[in-house]
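See below for the structure under consideration.
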Amino acid sequence: MVYLLADWGMGETETRSRKYAEPSRDHLLRIEPSQFDNYNEVDLHPLSNQVGGHTRLMVLNPSTICKPLNIRELEFYQNIQDQDIKIFVPKYKEKSFKNAEHHTESSR
Numbered sequence: 003m004v005y006l007l008a009d010w011g012m013g014e015t016e017t018r019s020r021k022y023a024e025p026s027r028d029h030l031l032r033i034e035p036s037q038f039d040n041y042n043e044v045d046l047h048p049l050s051n052q053v054g055g056h057t058r059l060m061v062l063n064p065s066t067i068c069k070p071l072n073i074r075e076l077e078f079y080q081n082i083q084d085q086d087i088k089i090f091v092p093k094y095k096e097k098s099f100k101n102a103e104h105h106t107e108s109s110r
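To convert, count from 1 in the sequence shown and add 2; that's this note's numbering.
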């Protein structure tokens with residue numbers, strides 16, 4: 003489930019004291035890890051901090067931040083995979099195109 007809060011990003015006071023936003027989960031169905039392959043949705047939370055000048059980043063888990071990726075950044079991450087500089091940049095996990103507004107995948 004993707005949660006998009008209307009006023010999150012820089013400057014909000016409500017989420018500053020928390021690691022990331024905690025929306026109500028009363029309506030969610032409990033899914034066991036073995037059932038994940040049956041679902042096309044993931045639970046993302048807004049990151050309450052600014053990182054590298056970017057706002058509106060999403061947190062997938064404690065070690066994964068999701069952010070919009072432009073073609074120049076994509077080429078950079080793909081081209082450094084066999085270079086020494088790789089140890090100094092965040093780990094690039096994968097590219098995935100999602101359309102959160104309509105809650106469907108636009109392409110894969």
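For every residue, glycine included, the Cβ atom is placed at its ideal position computed from N, Cα and C. Nothing here was measured: the structure is a model prediction, and the numbers come from that model.
Do you know how far the Cα of residue j is from the Cα of residue i?
i	j	result
SER26	GLU43	For SER26, the pLDDT reaches just 49, beneath the cut-off of 50, and the residue's location in the model is therefore unreliable, although a value from the coordinates is still provided. Cα to Cα, SER26 sits roughly 17 Å from GLU43.
PHE90	SER65	16 Å
ILE82	GLU96	14 Å
LYS69	GLN80	16 Å
LEU71	ARG58	12 Å
ILE67	LYS88	17 Å
LEU46	ASN63	8 Å
GLN52	MET60	11 Å
TYR94	GLY55	18 Å
ASP84	PHE78	12 Å
GLU75	PRO92	12 Å
ILE73	ASP86	22 Å
Going by the DSSP bridge assignment, what does residue i pair with across the sheet?
i	result
ILE1	The structure shown does not extend to residue 1, since the chain is modelled only from 3 through 110, so no value can be given for it.
Using the beta-carbon count (16 or more within 10 Å), is residue i buried or exposed?
i	result
LEU49	buried
ALA8	Unreliable placement is indicated for ALA8, whose pLDDT of 44 sits below 50; no coordinate value is reported for it.
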